[in-house]
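Chemist:
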Amino acid sequence: KNQVEQSPQSLIILEGKNCTLQCNYTVSPFSNLRWYKQDTGRGPVSLTIMTFSENTKSNGRYTATLDADTKQSSLHITASQLSDSASYICVVSDYKLSFGAGTTVTVRA
Amino acid sequence: DVKVTQSSRYLVKRTGEKVFLECVQDMDHENMFWYRQDPGLGLRLIYFSYDVKMKEKGDIPEGYSVSREKKERFSLILESASTNQTSMYLCASSPDTGELFFGEGSRLTVL
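So the sequences go chain by chain: U and X.
Add 426 to a position in the first sequence, counting from 1, and you land on the number used in this note's numbering.
Add 3 to a position in the second sequence, counting from 1, and you land on the number used in this note's numbering.
Written as structure tokens, this is what we have:
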């Protein structure tokens with residue numbers, strides 16, 4: 427069983443709207459959690475990285491939150507743009523990296 | 004700017020062929036990785052290397068081998084390609100901070 431579960435698997439939103447992606451993990455002990463953005467046919471690019479002591483980290487219109495007690499993280503996209511259409515991958519680190527399967531976001535005009 | 008370059012974006016090979024996937028990074032990173040990515044699955048680690056001529060098996064090394072003769076280059080080899088190796092292959096490098104820098108990916112189709 428994957429130690430990192432992401433939901434939803436995919437979602438469609440209208441341009442300008444907000445959305446939130448979820449990441450639940452069972453990895454323990456926990457070192458850090460990262461969110462990556464992967465455009466279609468490209469390699470993933472880092473958005474945020476958070477240690478267990480951080481609750482929130484922002485990168486422009488992307489805001490990641492972390493609750494280490496419940497082992498949950500979310501990625502919030504504000505005022506979505508067409509360029510936000512991509513797959514978003516949650517990665518949790520202990521002594522190795524565990525990858526979620528990703529959430530595919532489609533932003534429609 | 005950080006750069007990880009994978010030599011082939013798209014390849015089509017026949018079953019039984021030998022396949023080389025090349026990856027070069029220009030950041031002087033010690034660590035390099037090969038992953039495969041399949042729909043509905045997270046990235047799965049095939050092999051990694053933390054130094055020249057050093058290699059470690061990842062989670063799914065069967066059917067693959069690697070070579071790291073120079074610090075900047077990490078090659079993935081499929082000795083005898085099979086159809087179940089059709090996938091997207093991603094190379095990454097990282098400094099000791101652990102942040103991964105990925106290449107653009109190589110999409111391999113084995114017929």
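We put the CB at the ideal spot given by N, CA and C, even for glycine.
Would you call the segment 11-23 of chain X in contact with the segment 35-46 of chain X, where contact means no fewer than 3 C-beta pairs closer than 8 Å?
Modeler: The answer is no - the segment 35-46 of chain X does not touch the segment 11-23 of chain X, with fewer than three Cβ pairs under 8 Å.
Chemist: Helix or strand or just coil, what does DSSP make of X:Q88?
Modeler: Helix, per DSSP.
Chemist: Report the three-state DSSP secondary structure of U:L508 (helix, strand or coil).
Modeler: U:L508 falls in the helix class under three-state DSSP.
Chemist: Just grab the DSSP bridge partners of X:L71 for me.
Modeler: Position check: residue 71 of chain X holds Arg in this sequence, whereas Leu was assumed. None; X:R71 has no bridge partner.
Chemist: Assuming X:H3 is part of the beta strand (DSSP E), what are its boundary residues?
Modeler: Because chain X here runs from 4 to 114, residue 3 of chain X falls outside it and cannot be looked at.
Chemist: Distance, Cα to Cα, U:A494 vs U:R487?
Modeler: U:A494 and U:R487: Cα-Cα distance of roughly 23 Å.
Chemist: Per DSSP, what are the beta-bridge partners of X:K60 in this structure?
Modeler: According to DSSP, which records beta bridges pairwise, X:K60 is partnered with X:Y50.
Chemist: By a C-beta neighbour count over all protein chains shown, 10 Å radius and 16 as the cutoff for buried, is U:Q435 buried or exposed?
Modeler: Result: exposed.
Chemist: So what does U:Q435 bridge to, in DSSP terms?
Modeler: U:Q435 is not bridged to any residue.
Chemist: Output needed in chain order: residues of the segment 432-452 of chain U with a Cβ under 7 Å from some Cβ in chain X.
Modeler: Those would be none; no residue qualifies.
Chemist: From which residue to which residue does the beta strand (DSSP E) around U:Y462 run?
Modeler: Per DSSP, U:Y462 belongs to the beta strand (DSSP E) from 458-464.
Chemist: Under 8 Å: do the segment 515-523 of chain U and the segment 81-100 of chain X share three or more Cβ pairs, one atom per stretch?
Modeler: At 8 Å Cβ cutoff, the stretches do not touch.
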